[in-house]
Structure formats: C-alpha cells, structure tokens
Ligand SMILES: Nc1ncnc2c1ncn2[C@@H]1O[C@H](COP(=O)(O)OP(=O)(O)OP(=O)(O)O)[C@@H](O)[C@H]1O
Ligand SMILES: [Mg+2]
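Chains as they are written, first to last, in the numbering used here: chain A, 1 to 264; chain B, 265 to 530.
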C-alpha cells in the first residue's frame, strides 16, 4: 500500500515491521560477532567471544563486584549531572530571555564549550585532589556548559506573544518569569536534560581515569592492562544498558510530569 | 464620549543594521465607549503596532495616547488582548487559562471558577473545561483566548486578526459568536483585520489604513442593523460599503506597488 510503504519518507510503518527491523539489526551485529570469534577470524585475546562476556558477567555479579562498580559510577554520574542541572536550568532560562544575563555568561560558555574536559584534569587534581569530588567535577564540567547553551536556546525560542499575552492579562515582570517563561521552557528543558544525560555517560571513563579503585570506567581501564577483552566488553555493555535505562526514565518522567506538552 | 484617544502618534522602529521603519505616521484615532471599531489595512501597514501601542506593549516615538483621560504607559489588565497566534498557555487547562487573569488579581478560587465557567459557556465550550490546549482545534483555542481576555472584564478588548489563521467557515462562525458575546456584554472593542468582509460585518465603524508610512486614510460608519447574521453579507448596503473600502484599498495597493518598484529601480 502506497501510504504505508517503507520507502516513502515520513510515513508510519506498523509496529510489527518496526520491531522486526530492530531485531534484525541487533541480530546482524550478534551474528557478525559470533562469526568473528567462533569462526576463528580474530584471535580470542583481541576480541572475546559472547559466552566469555556472559561468563565474566555472571562471575562478577555472583561476587557483587559488578554491582559495586555500577553503584560507584552511578553516584559519580548522577551527582555531577544533578549538580550541573541545578545551576544550568535556571541560569540557562534567564540567559535565553534576558540580554543582560546573556552578555554576562556568553563569553564564558562560548569559550568553555570548546575545551576538552580531559585537558582540565591536571588542574582539577591540583585544585581539588583525586577523590570523588574530582570525578564529579569532570562530569559537571562536561555537561554544565552544554546544558547552559541548549537551555538558553530553549528559553530564547519561547514565543514573545506568550509573554506579551501574560502582560495584557495583568502579570508583572516577576510573574511573567515564574508563571509563564519557566513552565513554557519545561518540555525543552526535559528534552535537553535527557540528551545531556547521555553525554554525561560518555565522560565516565575520563572521570575514572585518575586514581579510581571502583567504577565501570575503572573496570574497563584496568581490564585493558591485562587485555581482558571480555571484561572490557562487559563494562561497555553495562554502561550502554544503564544509559538506556536513564533514557527511558527521562522519557517516562516527561510524559508523567508534562502531560500537556504536545510533542514527545 | 470617546474613551480611547490617539493623538498624532508616530512610531519609528530602528532595527540594528537595517534602515529605520516609519511604522505609523501621525495617526489620530478616537474610539467611543461600547462601540465595535475595526481597523482594516494591507499587510505591514502598522495595524499590529497600533494595537500593541494601545495594549502598552509598545511606546510611541511621539504623540499622546489616553484611555479614559489617563495616559497609557505599560500593559495592564484593563486592556485585554487576543493575538493572531495561538497564545493559550499549553500547561494550563481551558478553565485554568481563563482563570489566569482573575487569579493574578487575587480573587478567591471559587470566584475565579465562577467567572471562568460563565465565560466558557458564553463561548460554547462547556465540557472542555479540563482539556489542555493541544486537544483543541484552532477555532476553539481562539474562543478560549477570547474568554480569557474577557475574564478580567477589561475596559477595552483588543483583537489582532484573531481569526486570521482559521478556515472561512470557522471564521464566519467565530464572527457571529463574537458579536453575540459583544452584544450581551457591551464592551468597547478595537478589532484588526485585513479582511474587508470581516470588517464590515463586525464593525460599528471601520477605519481604513494605508501602508508605509501607516496612517488612517478614512473612517466609515457602518449602519447595518444589528443583530447581524450571515445574510447581511449579501445585502445591497453591505455591497456599497465593500465597494467604497475596496476602492480605497485598491488605490493603496497601487501606491505601495509603485513605491516598491521605485525602490527596486533606485
Ligand atoms: N519591533 C520591530 N522592529 C522593526 N520593525 C518593526 C517592528 N515591528 C514592526 N515593524 C515593522 O513595522 C511595519 C508595521 O508592522 P506591523 O506588524 O504593525 O504591520 P501589520 O499591519 O500588523 O502587518 P500584518 O498584516 O502583516 O500583521 C512593518 O514594516 C514591520 O516590518
Ligand atoms: Mg499584524
């Protein structure tokens, strides 16, 4: 049927087809992996086989060490991310709608967004040491400036008519901000928190580069020394799955908290 | 008695890095109590600017602007406005949207709800009190916007092409509904449109604006009997008004075209 063709852009396909296609892509990757390893194409210490990764996982779940690593990483990621969000959301909203705030903040963000976080690690160690604070700070720096820019964009895009309309209904400046600007920004804020949460995960290994003794990033780096590719892959898969879970959480929260919002 | 008076209003915009725009040039206008005044004019002639001045959302470069003898400075709840774009607050339900103004005034919850439910009925949206704007059609959204503006019981109701984005059937229905509401509540209305039929159908008086620089070219009293219904649109007197306004606007269109050509060749 023309209207449901796989080949016409921007048309829906039925759910069964969608799921099938998704499963195919996962299956192809798995098959390729099996072929490379069981087929003897790549040596084992170069790429671990699927069953070895599963065994490594079972062993580390049995002695709880995988969960300890997960927990350590989650604490770092969530602390850094929440800390960044607490500052970035209000400042970003103000920055996007008040030229004065924009003028104050823009030079700093414009500069900081191009600095790789890893370049700041030596200074962080010097200033705040090698404890968990340093790891949290890496996540914070990695997400804060990106969040600031994205959220200020959300705020700048809120329609002027919406604001003007509130004035004609008798709102003063303060209430225009608290009762109109802030709620109007919420869907965009949630979307960008979700996106930057994903980016926060990508900083995990960098955060656990220095003087870590737990965490998934540490687990991976440590396994690299012994070329334990099964453990490296286990760490990679665990991070991916935790990332997916946080992503689902944000999708769910948006639908729950902002049922009025049109697009998700 | 004229309650709204604009005297020698000039508005010049000076956008950064662009030549200045003379949006309104020496405009004077009086609006009497309880009348339905319509301003009709071509796109870009400064209609919205004029309305935003009255709302207090814009300041004139020169000239005087008074409501009930008091100078207008800044927006206030005594001048309600309905915008062309959809401006319902999407996070509030229909009822909460209509209650927005009364709540800011500090009225009690039950008072606010009474005002809201009353107006929601007046715009025929009972049953939709708990709906969010995303669930409403364009026409319904503008009806809520009308109810919301009226909830403050403003001295004057400003409407900037509120039905511009609607299809012609919905538009006709909205015009009749607006007249109904106006008839039963007797408000002073300043309504803007570029649709001549809409102007004649709604207005007690119609002010024809010309483009660049915007000024009011002529004002006509429309003495079609009220209440007006759809058959008024085809009556001979309606046609007479339409002919007059069309020829006024036609001259303007030619002038604007010439000016544009001159600018191009210059
Ligand atoms: N803030 C502004 N800065 C610069 N120029 C402006 C500004 N607001 C309006 N103008 C210009 O002033 C002129 C009149 O604009 P206005 O929006 O009042 O016209 P309008 O009659 O409402 O047009 P339309 O029918 O398209 O809504 C236009 O040329 C517009 O580009
Ligand atoms: Mg306009």
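All C-beta atoms in this analysis are idealised placements derived from N, C-alpha and C, irrespective of residue type, glycine included.
Residue i at chain A interface by Cβ criterion, 8 Å
{"i": "residue 446(B)", "result": "no"}
{"i": "residue 363(B)", "result": "no"}
{"i": "residue 341(B)", "result": "yes"}
{"i": "residue 344(B)", "result": "yes"}
{"i": "residue 449(B)", "result": "no"}
{"i": "residue 429(B)", "result": "no"}
{"i": "residue 614(B)", "result": "The question about residue 614(B) has no answer here: the residues shown for chain B are numbered 265 through 530."}
{"i": "residue 349(B)", "result": "yes"}
{"i": "residue 354(B)", "result": "yes"}
{"i": "residue 505(B)", "result": "no"}
{"i": "residue 323(B)", "result": "no"}
{"i": "residue 337(B)", "result": "no"}
{"i": "residue 416(B)", "result": "yes"}
{"i": "residue 398(B)", "result": "yes"}
{"i": "residue 368(B)", "result": "yes"}
{"i": "residue 319(B)", "result": "yes"}
{"i": "residue 412(B)", "result": "yes"}
Closer than 7 Å: residue i CB and nearest ligand 2 heavy atom
{"i": "residue 424(B)", "result": "yes"}
Cutoff 6 Å; reference residue i; Cβ partners in own chain excluding five residues on either side
{"i": "residue 276(B)", "result": "284, 286 and 325"}
{"i": "residue 394(B)", "result": "357"}
{"i": "residue 425(B)", "result": "348, 456 and 457"}
{"i": "residue 105(A)", "result": "95"}
{"i": "residue 112(A)", "result": "145"}
{"i": "residue 321(B)", "result": "339"}
{"i": "residue 220(A)", "result": "232 and 235"}
{"i": "residue 392(B)", "result": "358"}
{"i": "residue 124(A)", "result": "134 and 137"}
{"i": "residue 142(A)", "result": "117 and 203"}
Residue-level contact to chain B via CB, residue i, 8 Å cutoff
{"i": "residue 253(A)", "result": "no"}
{"i": "residue 37(A)", "result": "no"}
{"i": "residue 230(A)", "result": "no"}
{"i": "residue 275(A)", "result": "A question about residue 275(A) goes unanswered here, because the residues of chain A that appear run from 1 up to 264."}
{"i": "residue 168(A)", "result": "yes"}
{"i": "residue 164(A)", "result": "yes"}
{"i": "residue 183(A)", "result": "yes"}
{"i": "residue 180(A)", "result": "yes"}
{"i": "residue 171(A)", "result": "yes"}
{"i": "residue 262(A)", "result": "yes"}
{"i": "residue 12(A)", "result": "no"}
{"i": "residue 22(A)", "result": "no"}
{"i": "residue 191(A)", "result": "no"}
{"i": "residue 159(A)", "result": "yes"}
Own chain partners of residue i with C-beta closer than 8 Å, once the 5 adjacent residues on each side are dropped
{"i": "residue 250(A)", "result": "190, 193, 194 and 197"}
{"i": "residue 402(B)", "result": "350, 429, 430 and 434"}
{"i": "residue 274(B)", "result": "286, 288, 289, 290, 291, 324, 325, 326 and 327"}
{"i": "residue 369(B)", "result": "341 and 416"}
{"i": "residue 479(B)", "result": "288, 289, 290, 291 and 473"}
{"i": "residue 176(A)", "result": "163, 166 and 167"}
{"i": "residue 266(A)", "result": "Residue 266(A) lies beyond the stretch modelled for chain A, which goes from 1 to 264, so this question has no answer here."}
Cutoff 7 Å; reference residue i; Cβ partners in own chain excluding five residues on either side
{"i": "residue 396(B)", "result": "354 and 357"}
{"i": "residue 436(B)", "result": "494"}
{"i": "residue 413(B)", "result": "344, 345, 346 and 421"}
Residues whose Cβ lies closer than 5 Å to any heavy atom of ligand 1, in chain order: Residues flagged by the Cβ proximity filter: 277(B), 279(B), 285(B), 287(B), 307(B), 308(B), 309(B), 310(B), 311(B), 312(B) and 313(B).
My parser needs the alpha helix (DSSP H) runs of 4 or more residues fully inside the stretch 396-420 of chain B; what are they? DSSP runs (the alpha helix (DSSP H)) wholly in the stretch 396-420 of chain B: 402-414.
Kindly provide the ranges of any alpha helix (DSSP H) runs that are 4 or more residues long and lie completely inside the stretch 118-191 of chain A, ordered along the chain. DSSP runs (the alpha helix (DSSP H)) wholly in the stretch 118-191 of chain A: 132-156 and 160-168.
Identify every run of the beta strand (DSSP E) within the stretch 307-384 of chain B, keeping only runs that are complete inside it and at least 3 residues long; order them along the chain. 326-331 and 343-346
At what residue ranges does the stretch 459-527 of chain B contain a whole run of the beta strand (DSSP E), taking only runs of 3 or more? 469-474 and 479-485
What residue ranges within the stretch 15-85 of chain A form continuous alpha helix (DSSP H) runs of no fewer than 4 residues, ordered along the chain? 15-38 and 50-62
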